[in-house]
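*Asks:* Input: one structure, supplied below.
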C-alpha cells in the first residue's frame, strides 16, 4: 500500500451513483482525462479524510462484469487487476451498489470479492431504499461477504461520513469468504437477498405507473417528441435575456478599450480581433448551458434508458440499436463524448455505424452559427400563440440532422449486412429527481470546457485570422476595403470560386477555414472579418447580426445553415474517430462523406431558394 497517499478506485454498475459519490468526496478538486491509447474518459480527484489521510480517488467506467463485453468494462478490469502502466494499481477497491437494485448489483460485487483484494462495499441511495420499504441487514450482509458494508447517500451533505471513517480505520486485507470462480453467481445473489434483504415489492409503485405511460409504444413516443421539442424551444427562448446582456457587455468593453488606446495595430488586435471574436462566441454560452442542463437532467432522472428502449425498434430498422440512442443524444452536446460513449455498444458493426453518424447530431458548437443566422433572418414571432418561430426553425435543423443520421445508418446497414441478432439489454434505473448539486457540477465542468476552448484554440485562431486579415496593408490609392488586399482576403476570393454555387461569398469562405479547428470559430471569424472590412468605425462597431442580414440573401443563409448540418466536423472529432476506430480509413471516410453531403445539400438548398425568389 502506498506510504503517503492512499490509492482508491470507485467501481460498480452504471447508474449506481459512483460519480455522485466521487463529487461528494472530491468537491471541485477533480480533473477529467482519458486513458492513454483508448479514448475512455476518467475522473481523478483528491481529498483528505477527517484524520488527515490523503486519498487519490479514481472514478472507473461503469461495468456489469469483469468478463469485458465493451471497452468500458475492459478498462475497469485492467485497472482493477493492475494491468495498466499509466494507472497505479489501487490500494483499496470501493464497490458501489445501488441499494434499490441489489439483485443486479450484487453479482458484480461477488466478482470483485473473488479477486481477494482489499474491498469496501458501499450501499448507495439508502434513503431511496428506505422510502421503498427495502430493509437491508448490513451486519448479516457483511458477515456473508466477509468485508465491511457501509451506507452512503451521495447526494446529501454528510452522506459519505461512514466511508470517510472507514478509510481512517485499518483497511480490510481481502474478502474472508471464498467465492469460487466457477460458482453460480446468480444463485449466490438469490441466497444473499433471501437471508439479508427484505423487499416488499419488486418495483416501486410510482415507477410502474410512470412506465405504463412513458414506455407506451404510442404515448411514450409522443411524450419523447414533446420533451425534445421543448428543449429546443427553451434553448432559444430562455437564453435570449442572458445572451443580450453578454452582447451588451462585449460591446461596452470593446468601446472602452478602443477609447483608451491610440489608433493602431494594437487597438485593432484587441478590439477587432480578441474582443469581437471571443465576444461573438461567449454570447452563446447561455444557450449551450441550457442544452446541457436538459441533457444532464434527463440522464439523472432515469429517463434516458427508457427513451433508448422506446426507440430501439425504429433505430434497428435504420441499422442501429436502442443502445445507440444515448451516444447520439450525447452528441447533441458534443460529438466527441458521444463517439466515446459508443464504448458501451458491444456489437462492432453497430458501434462503427454509431460513430460514423454521431457527427450528424447537431452539437452545441453548431448552435452559435444557427443562433446567429436564425436571429438575423427569421422573425422573432409567435406561431399559434404557443411557439416561437425561431425555436421552430432550430427544431427543424435538429430534426434534419437526426433524420439524416438515420438515413446514413440505413445505407450502411445495406452495404455491410449483419445477419446476427443483437437484442437490447439495458438496465432501467429507478426514477429520481435530479440533484441540484450534481447538475451544478456538471454544468460547471461543461461551461469551463467551453470557455477553455474559447480561451485557447478559439483565441489562437482568432488572433491568427486577425493577422491574415490585417496584413499586408492596402497599397496607396486603394479604393476598396483594406481586408480585400490582405492574405485572408486573397484566400477567401480564391475559395469563393469553389463555393460560389452554394451562394457563399469570400467572407464566408474565410470563416470556414478556421471553423475546422472548432466550429464556434466560424462565428468569431465572421465577427472579425466584418469588423475589419467595415468602411468606417460606426459600421465596425455595429453588431454582426444586422451586418449579415443586410449583406446576405436569404438563400445564402439557408445554404449555410444546411452546410452546417452536414459539414465535416472539427479536427478534434476526426482525431477521436481515428482513436476509437484505430483506422485512418474510417476517419477519411467520415470526413469525405460529410463534406460531400454538405456540399450537395447546400447546393440543392441554395439553387432551390434562388428559384423560389429568395436569392
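Residue numbers (the numbering used here): 340 to 954. Virtual Cβ for every residue (Gly too), placed ideally from N, Cα, C. All values derive from a computational prediction rather than experimental measurement.
CA-CA distance, residue 955 and residue 696?
*Replies:* The structure shown does not extend to residue 955, since the chain is modelled only from 340 through 954, so no value can be given for it.
*Asks:* So which of 693, 777, 418, 464 has the shortest CA-CA distance to residue 435?
*Replies:* Nearest of 693, 777, 418, 464 to residue 435, Cα basis: 464.
*Asks:* Which residue spans inside the region 420-491 form an unbroken beta strand (DSSP E) run of at least 3?
*Replies:* Correct list: 431-437, 458-463, 488-490.
*Asks:* In the DSSP output, what is residue 959 paired with across the bridge?
*Replies:* Lying before the first or after the last residue shown, residue 959 is absent from the chain, which here runs from 340 to 954.
*Asks:* What span of residues does the beta strand (DSSP E) with residue 348 cover, start to end?
*Replies:* That run of the beta strand (DSSP E) goes 345-350.
*Asks:* With residue 489 and residue 459 assumed to form a contact (beta carbons below 8 Å), what rounded beta-carbon distance in angstroms separates them?
*Replies:* Right, their Cβ atoms sit about 6 Å apart.
*Asks:* Since residue 437 and residue 355 should fall inside the 8 Å C-beta cutoff, what is the C-beta to C-beta distance between them, to a whole number of angstroms?
*Replies:* Correct: roughly 5 Å between the Cβ atoms.
*Asks:* Within 8 Å, do at least three Cβ pairs link the region 696-710 to the region 621-636?
*Replies:* A contact exists between the region 621-636 and the region 696-710.
*Asks:* Give every residue of the same chain whose Cβ lies closer than 6 Å to the Cβ of residue 846, excluding the five residues on either side of it in the sequence, and list them in chain order.
*Replies:* Counting only Cβ-Cβ distances below 6 Å, and skipping sequence neighbours, we find 868.
*Asks:* Taking the runs of the alpha helix (DSSP H) that are 4 residues or longer, which of them lie wholly in the region 706-737?
*Replies:* Segments of the alpha helix (DSSP H) lying fully in the region 706-737: 706-716.
*Asks:* Within 10 angstroms of its Cβ, does residue 775 collect 16 or more other Cβ (buried), or is it exposed?
*Replies:* When all chains shown are included, residue 775 counts as exposed.
*Asks:* Residues in the same chain with beta-carbon distance under 6 Å from residue 431, minus the five sequence neighbours each way, listed in chain order, please.
*Replies:* Correct list, in chain order: 347, 457, 510.
*Asks:* Determine the burial state of residue 889: buried for a count of at least 16 other Cβ atoms within 10 Å of its Cβ, exposed for fewer.
*Replies:* It counts as exposed.
*Asks:* Thinking C-alpha only, which one of 827, 673, 654, 753 is nearest residue 745?
*Replies:* Checked all of 827, 673, 654, 753; the closest Cα to residue 745 is 654.
*Asks:* With DSSP run on the structure shown, which of helix, strand or coil describes residue 563?
*Replies:* It is helical.
*Asks:* Would you identify the three-state DSSP class for residue 936, choosing helix, strand or coil?
*Replies:* Helix.
*Asks:* Out of 919, 927, 896, 935, which one is the CA nearest neighbour of residue 944?
*Replies:* The residue with the shortest Cα to Cα distance from residue 944 is 896.
*Asks:* What does residue 537 pair with, by DSSP beta-bridge criteria?
*Replies:* In DSSP, residue 537 forms a bridge with 474.
*Asks:* Does DSSP classify residue 702 as helix, strand or coil?
*Replies:* Three-state DSSP puts residue 702 in coil, outside helix and strand.
*Asks:* State yes or no: is the C-beta of residue 825 within less than 9 Å of the C-beta of residue 607?
*Replies:* In this structure, residue 607 does not lie closer than 9 Å to residue 825 by Cβ.
*Asks:* Taking C-alpha atoms, which residue in 391, 419, 388 lies nearest to residue 400?
*Replies:* Comparing Cα-Cα distances from residue 400 to each of 391, 419, 388, the minimum goes to 419.
*Asks:* Should residue 678 and residue 915 be called a contact, given that it needs their Cβ atoms to be closer than 9 Å?
*Replies:* For residue 678 and residue 915, yes; Cβs fall inside 9 Å.
*Asks:* Do the region 545-558 and the region 636-652 make contact, defined as three or more Cβ pairs closer than 8 Å?
*Replies:* Enough Cβ pairs lie closer than 8 Å, so yes.
*Asks:* Would residue 684 be called buried (16 or more neighbouring beta carbons within 10 Å of its own) or exposed?
*Replies:* Per the 10 Å Cβ criterion, buried.
*Asks:* State buried or exposed for residue 444, treating a residue as buried only when at least 16 other CB atoms are found within 10 Å of its CB.
*Replies:* Buried is the call here.
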